[in-house]
Amino acid sequence: MLLNCHTYYSFCYGLFSIERLFYEIEKKGYDAFVLTDINNTSACLETIRRCKMKGYTARVGIDFRNNYQQVYVGIARNNEGFMELNQHLSMHLHQNMDFNPIAPKFNQVYIIYPLTVYKGWKLEDNEFVGVSPKQLSHLSFLQSKIPTHKLVVLQTATFTKGILQLNSHKLLRAIDTNSLLSKLPQDQLASADDILPEKAELEKCFSSYPHILKNTKFILDDCAIDFEFGKLSNKNLKHYTGSASEDSELLRSECMKNLHYRYTKPGPIVMQRIEKELEVITQLNFSSYYLINWDIVRYAQHKDYYYVGRGSGANSIVAYLLRITDVDPVELDLYFERFINIYRNNAPDFDMDFSWTDRDDITRYIFERHGKERTALLGAYNTFQDNAIIRELGKVFGLPPAEIERLQHANRYRDIDEIGKRILKYGTLLKGFPNHLSIHSSGIIISEAPITAYSATNMPPKGYPTTQFSMMEAEDIGLYKFDILSQRGLGKIKDTLGIVKENKNVDIDIHNISAFKHDEKIKEMLRIGNTIGCFYVESPAMRMLLAKLRADDYLRLVAASSIIRPGVSKSGMMREYIIRFRNEDLRKKAREEIPELYSLLEETYGVMVYQEDVIKIAHYFAGLTLAEADYLRRGMSWKFKQRNEFSQVREKFFSNCLEKGYSIKLITDIWNQIESFANFAFSKGHSASYAVESYQALFLKAWFPLEYMVATLNNGGGFYRKELYIHEARMQGAIIKHPCINNSNAMSNIKGNIIYLGLAMIGELEQQMIQRIIAERNQNGLFKSLSDFVNRIPVSIEQMRILIRAGAFAFTERNKKELLWDIHAILRPAKVKTPEKELFEKEIKQWKLPALMQSQTDDAFEEIEMLGFSLISPFQLLKNEIPSKMKASDLVNFKNQKITIVGYFVHAKRTSTSKGEKMYFGTFIDTDGHWIDTVHFPESADHSPFTGPGCYTITGKVKEEYDFISVEVEQMKHLPVMDRDEL
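Using this note's numbering, the first residue of the sequence shown is number 980, and each one after it goes up by one.
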């Protein structure tokens, strides 16, 4: 009966979630329906999966519309018809074309034209005309034009009856069209009759037209679509070579070829592990998956691209041998079953990180290698969350931004007016609705069948087909994603290697991780937290953790990489790990309290640190199967918590533990730890991959600190502002020079120990001007003077002022005021230098002027304006004398004593106490450039707040916890700087 059902994947139009649609269908007495979202197939796979679970026949199609005006509805007779529909929709979406009024020829698709648009053309065998209940009165006038066997019921189901549903639809349409609710175009709205009626009510409407009911039933009975889901499903490219056996042989051959590259003397443990993994990989048909990843990294190696393989894939020795990862799973006793096991229902995936400059080429290679027909970017859903839906509804009602912001924090206010209450009411109803399709941050799928066998595709600006389903549906159907990510940390490493080669003519084997683990310089840097600029270990929180753990070895760095994650630290397990590590008596006590738990987590002192720990606890402690344990780990994601299977696993966890005699308090405590931590923790292999990259960055900083800091600047910095990396370079012995028209490139560069900041650091300098400067300099040599520059480069007076004020003409040894006077004499406003070069250098008229003085302080303020920071110490800009001589290095001598110290503000992290009160962790540098760490509890955070960048006097008590020194702030005051006008 229902041939046209919408979900909320008819974006900003339909109101049914998939779950709600099934509920309403069953409640209203239907046993068959067709899902047909508007120009979208996002809900199709999940609908088919649910039908399969419930024992229903699945039927899907597409409601084809031009600007929400219905053209026709296509219904797939079978899987082939579904692919036809997907291909048709994809073609139009890719080319941004309207649909013709008459559908193209389909082989396995039924087409339903709405009565309002059908103009009497000849209908093909698979084409019908749909009639809604309110249109029945018109049929008597059309009987001669439309054969009775071509009429079907077309009751569009967009929402349920009721003013709340209709209003919600109107609000979504106003959001989508960016209209005020009062000015919403009526042609953008669904009819108020587009409801999901009772089956008996709909049949009663058509009781006088049994032939229409019969025709409708014929279509429903003739349509069925089916996919295999879950463990038995594998829709990926089946073979990398020509067959499964050839894939297996190639995989084994490549493992053996690289064996001695990874292991000088591979023993029986290594060989047994290889055989075990190859057997499981072959058994589960994952050979081609490994080989495709191997092919990607081979291409990267060929192009000299630096990469890191991470995620649970680092648990695999086969991946290690294929050089997909750089983590030795034997050394770390990594759990291969966390990545692949015969009980695991979901697909594995490798995370492959590339430099942000190389990722696009890797993506291009994958699509060209496997073809756009079978390759696609993975889609994602952008949803309305709390603030977003309130903001959008506020705009629809015409509220000013200040009022919208107030509603976003409505819990703070009592006097909310009627419009505000209405917005909050509908915001609650619409929260979580998908707004539009987006792109997964990294996922690419490669399927055996064309992608359109499963989904229509969009064509976003990236220029690659993108599925209309997300990673959840991909996993359900058996499509494994290849995660191709980018990060600037790899760009730093790659660029440093090139800079070291150029500046010092040294070649570095950056993959010699074993040597890095035993490097004494690196050990000392880790022990004291001297890690600024290094991947994943430079934040204040990580530096604190490293110091408390005395983390000078690989295993502790691996653990630190996971316990720093929000869920682990928030659950209290980070602190518990630290105190057990530092206190043997507490380790002993923990072992005695729950020996079963401690024995499972011996390496981490009975504390859950890695995702694998959830599997261990669930399997060995709670008695769940490995498949259930892994589902529990994954189920901590809100996406999976919504599924019934997760609730069932939770119930089994509790019932099994009770049967084993554990107290409900102990069970609840362990469950709460799992719940607060599992979705945020890393797998051990993932943490190990991060630790490897950290070691590589630490090695480069330890032995080539200046080159590494230049690469850091050129890759956008890191956790801190660029200014702090310039400071760090200076602390390592660099001489920092302004951007210079003769010595600077677009990016920063180094000559010996002199770092020239890049021209691109000058905020208002045009990119075209940078290119002209470098091209002219390369072709005709260095610039001799200001006049030489303007004679060789077409430049406006505005761009010249920017260059002069940024210090780019410092090589002339004349101050900026003199240079600015000269440039105004050469270039009058509104006169732009033409590209033609003059035969003789233009002379500057010599004016008799009073001495134009420019102080270092003048320069500093110019630098702040042009570069965003000053190249002199910020303490030199203070209005008054520094009120304290205390240094960061002195603090260790004043434990538990009140002190006053002056610091330049670097960073503040806001957090909350257990009572929900705001507090901060602050980071400063002292007058010698050393780090000061501060704690701001709620009282001091309120009366001594951070008030922006600059220098502060900090008064508080010095505290030491496990070798980490900090100041508990009691008072803090922002120090005034010089008034530029008074200089």
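Even glycine gets a Cβ: it sits at the ideal position worked out from N, Cα and C. Values in this document were obtained by computation on a predicted structure and should not be read as measured data.
Next on the checklist: Is the separation between the beta-carbon of Asp-1942 and that of Arg-1529 shorter than 8 Å?
Outcome noted: Counting from one through the sequence shown, the residue named residue 1942 turns up at place 963. Counting from one through the sequence shown, the residue named residue 1529 turns up at place 550. In contact: Asp-1942 and Arg-1529 (Cβ atoms closer than 8 Å).
Checklist entry - If Gln-1675 and Phe-1495 are in contact, beta carbons under 8 Å, what's the gap, nearest whole angstrom? => result Walking along the sequence shown from the start, residue 1675 turns up at place 696. Walking along the sequence shown from the start, residue 1495 turns up at place 516. Here Gln-1675 really is in contact with Phe-1495; their C-beta atoms are around 7 Å apart, less than 8 Å.
Checklist entry - Anyone know if the C-beta pair for Arg-1038 and Ile-1248 falls short of 8 Å? => result Against the sequence shown, residue 1038 aligns to sequence position 59. Against the sequence shown, residue 1248 aligns to sequence position 269. A distance of 8 Å or more separates the beta carbons of Arg-1038 and Ile-1248.
Next on the checklist: Output needed for Phe-1001: all residues of its chain with C-beta closer than 7 Å, excluding positions within five of it in sequence on either side, in chain order.
Outcome noted: Within the sequence shown, the letter at position 22 stands for residue 1001. Taken in chain order, the residues that qualify are Arg-1029.
Next on the checklist: Along the chain, where does the alpha helix (DSSP H) containing Lys-1098 start, and where does it finish?
Outcome noted: Position 119 of the sequence shown holds residue 1098. Lys-1098: not part of any alpha helix (DSSP H); DSSP gives it neither H nor E.
Next on the checklist: For Glu-1672 and Val-1287, which I take to be in contact (beta-carbon distance under 8 Å), what is that distance rounded to the nearest angstrom?
Outcome noted: Position 693 of the sequence shown, counting from 1, holds the residue named residue 1672. Position 308 of the sequence shown, counting from 1, holds the residue named residue 1287. Between Val-1287 and Glu-1672 the Cβ distance is about 5 Å, and since that is below 8 Å, they are a contact.
Item to check | C-alpha distance - Ala-1055 paired with Ala-1432, whole-angstrom precision | outcome: Sequence index remark: in the sequence shown, residue 1055 carries index 76 (1-based). Sequence index remark: in the sequence shown, residue 1432 carries index 453 (1-based). The alpha-carbon of Ala-1055 is positioned some 12 Å away from that of Ala-1432.
Next on the checklist: When you compare the CB positions of Phe-1903 and Phe-1884, do they come within less than 8 Å of one another, or not?
Outcome noted: Taking the sequence shown and counting its residues from 1, the one referred to as residue 1903 is at position 924. Taking the sequence shown and counting its residues from 1, the one referred to as residue 1884 is at position 905. Phe-1903 places its beta carbon less than 8 Å from that of Phe-1884.
Next on the checklist: If you reduce the DSSP assignment to three classes, tell me which class Lys-1620 lands in.
Outcome noted: Position 641 of the sequence shown, counted from the start, is the residue given in the question as residue 1620. Confidence at Lys-1620 is low in this model, with a pLDDT of 49, below 50, so the placement of that residue is unreliable and no value is reported for it.
Next on the checklist: Please classify His-1598 as buried or exposed, where buried requires at least 16 other C-beta atoms within 10 Å of its C-beta.
Outcome noted: For the purposes of this step, residue 1598 is identified with residue 619 of the sequence shown, where counting begins at 1. Answer is buried; the Cβ neighbour count reaches 16.
Item to check | Identity of the residues DSSP links to Asp-977 by a beta bridge | outcome: Limits of the chain in this structure are 980 at one end and 1962 at the other, which puts residue 977 out of reach.
Checklist entry - Excluding five sequence neighbours on each side, which residues of the same chain lie with their C-beta closer than 6 Å to the C-beta of Tyr-1278? => result Numbered from its first residue, the sequence shown carries residue 1278 at position 299. Setting aside the 5 residues that flank it on each side, Tyr-1278 is surrounded in the same chain by Tyr-1344, each with a C-beta closer than 6 Å to its C-beta; the list follows chain order.
Checklist entry - So what does DSSP say about Thr-1020, is it helix, strand or coil? => result Mapped onto the sequence shown, residue 1020 falls at position 41. DSSP places Thr-1020 in the coil class of the three-state scheme, outside both helix and strand.
Item to check | Delimiting residues of the alpha helix (DSSP H) encompassing Cys-1234 | outcome: Reading the sequence shown from its first residue, position 255 is the one you call residue 1234. DSSP places Cys-1234 in the uninterrupted alpha helix (DSSP H) bounded by 1223–1236.
Checklist entry - From Val-1485 to Val-1479, what does the alpha carbon distance come to, in whole angstroms? => result Residue mapping note: residue 1485 aligns to position 506 of the sequence shown, counting from 1. Residue mapping note: residue 1479 aligns to position 500 of the sequence shown, counting from 1. Taking the straight line from one Cα to the other gives about 6 Å.
Checklist entry - Does the region 1442–1453 come close enough to the region 1342–1362 to have 3 or more Cβ pairs within less than 8 Å? => result The region 1442–1453 is in contact with the region 1342–1362.
Next on the checklist: Spatial neighbours of Val-1937 within its chain, please: C-beta separation below 7 Å, excluding the five flanking residues on both sides.
Outcome noted: On the sequence shown, position 958 is the one that residue 1937 refers to. Its chain contains Leu-1870, Phe-1873, Lys-1874, Asn-1875, Gln-1876, Ile-1878, Ile-1944 and Val-1946 as the residues whose beta carbon lies nearer than 7 Å to that of Val-1937, once the 5 sequence neighbours on both sides are disregarded; these appear in chain order.
Checklist entry - Between Glu-1555, Lys-1282, Asp-1332 and Leu-1229, which lies nearest to Val-1297 when the distance is taken from Cα to Cα? => result Indexing the sequence shown from 1 puts residue 1297 at position 318. Comparing Cα positions, the closest option is Leu-1229.
Checklist entry - Touch check for the region 1334–1354 and the region 1262–1276: three-plus C-beta pairs under 8 Å? => result The region 1262–1276 and the region 1334–1354 touch, with three or more beta-carbon pairs separated by less than 8 Å.
Item to check | Beta-carbon spacing of Phe-1329, Asp-1462 below 8 Å | outcome: What you label residue 1329 is simply residue 350 of the sequence shown in a count that begins at 1. What you label residue 1462 is simply residue 483 of the sequence shown in a count that begins at 1. A distance below 8 Å separates the beta carbons of Phe-1329 and Asp-1462.
Checklist entry - What residues are listed by DSSP as bridge partners for Tyr-1899? => result For the purposes of this step, residue 1899 is taken as the residue at position 920 of the sequence shown. Tyr-1899 pairs with Arg-1889 and His-1915.
Checklist entry - In chain order, which continuous runs of the alpha helix (DSSP H) of length 4 or greater are located wholly inside the region 1125–1201? => result Scanning the region 1125–1201 from its first residue to its last, the whole alpha helix (DSSP H) runs of 4-plus residues come out as 1142–1156, 1178–1184 and 1189–1201.
Item to check | Backbone CA spacing between Tyr-1009 and Tyr-1035 [nearest angstrom] | outcome: Taking the first residue of the sequence shown as 1, we reach residue 1009 at position 30. Taking the first residue of the sequence shown as 1, we reach residue 1035 at position 56. Approximately 11 Å between the Cα atoms of the pair.
Next on the checklist: Taking only three categories from DSSP, how would you classify Lys-1812?
Outcome noted: Position 833 of the sequence shown, counted from the start, is the residue given in the question as residue 1812. Residue placement at Lys-1812 cannot be trusted, given a pLDDT of 49 that sits under 50; what the coordinates show is reported in the next sentence. It is coil, neither helix nor strand.
Checklist entry - Unbroken alpha helix (DSSP H) runs of length 4 or more, entirely within the region 1509–1558: which are they? => result Counting whole runs of 4 or more residues, the region 1509–1558 contains the alpha helix (DSSP H) stretches 1519–1528, 1533–1542 and 1545–1549.
Checklist entry - Should His-1717 go down as buried or exposed, given a rule of 16 or more other Cβ atoms within 10 Å for buried? => result Walking along the sequence shown from the start, residue 1717 turns up at place 738. His-1717 should be labelled buried.
Checklist entry - Within the chosen definition, does the region 1127–1141 reach the region 1094–1107 through at least 3 CB pairs nearer than 8 Å? => result Yes, they touch.
Checklist entry - Among the residues of its own chain, which have a CB less than 7 Å from the CB of Val-1586, if the five just before and after it don't count? => result Counted from its first residue, the sequence shown places residue 1586 at position 607. Counting only Cβ-Cβ distances below 7 Å, and skipping sequence neighbours, we find Met-1552, Glu-1555, Tyr-1556, Arg-1559 and Leu-1580.
Item to check | When Pro-1440, Ile-1430, Ile-1319 and His-1148 are compared against Ile-1456, the one with the closest alpha-carbon | outcome: Locating residue 1456 in the sequence shown gives position 477, where the first residue counts as 1. Looking from the CA of Ile-1456, the closest CA among Pro-1440, Ile-1430, Ile-1319 and His-1148 belongs to Ile-1430.
Item to check | Extent of the continuous beta strand (DSSP E) to which Met-1951 belongs | outcome: Locating residue 1951 in the sequence shown gives position 972, counting from the first residue. First-last of the beta strand (DSSP E) with Met-1951: 1943–1953.
Checklist entry - Which residues in the same chain as Leu-994 place their Cβ atom closer than 7 Å to its Cβ, once the five residues preceding and following it in sequence are excluded? => result For the purposes of this step, residue 994 is taken as the residue at position 15 of the sequence shown. Only Tyr-987, Thr-1137, Phe-1138, Gln-1144, Ser-1147 and His-1148 meet the Cβ criterion.
Checklist entry - Are Ala-1690 and Thr-1475 touching if we call contact CB-CB under 8 Å? => result Within the sequence shown, residue 1690 is the residue found at index 711, counting from 1. Within the sequence shown, residue 1475 is the residue found at index 496, counting from 1. Result yes, Cβ atoms of Ala-1690 and Thr-1475 sit closer than 8 Å.
Next on the checklist: By the DSSP assignment, the beta strand (DSSP E) with Ala-1355 in it spans what residues?
Outcome noted: In the sequence shown, counting from the first residue as 1, residue 1355 sits at position 376. Here the beta strand (DSSP E) through Ala-1355 covers 1354–1362.
Item to check | Cβ contact check for the region 1306–1323 and the region 1374–1381: 3 or more pairs under 8 Å | outcome: Counting Cβ pairs under 8 Å, fewer than three are found: no touch.
Item to check | Closest Cα partner of Ser-1727 within the set Ser-1291, Leu-1738 and Ile-1720 | outcome: In the sequence shown, the residue the question calls residue 1727 occupies position 748. The candidate whose alpha carbon is nearest that of Ser-1727 is Leu-1738.
Next on the checklist: Please tell me whether Gly-923 and Leu-1068 are closer than 8 Å, where the distance is taken between their beta carbons.
Outcome noted: Because residue 923 is not part of the residues shown, which for the chain are 980 to 1962, the question remains open.
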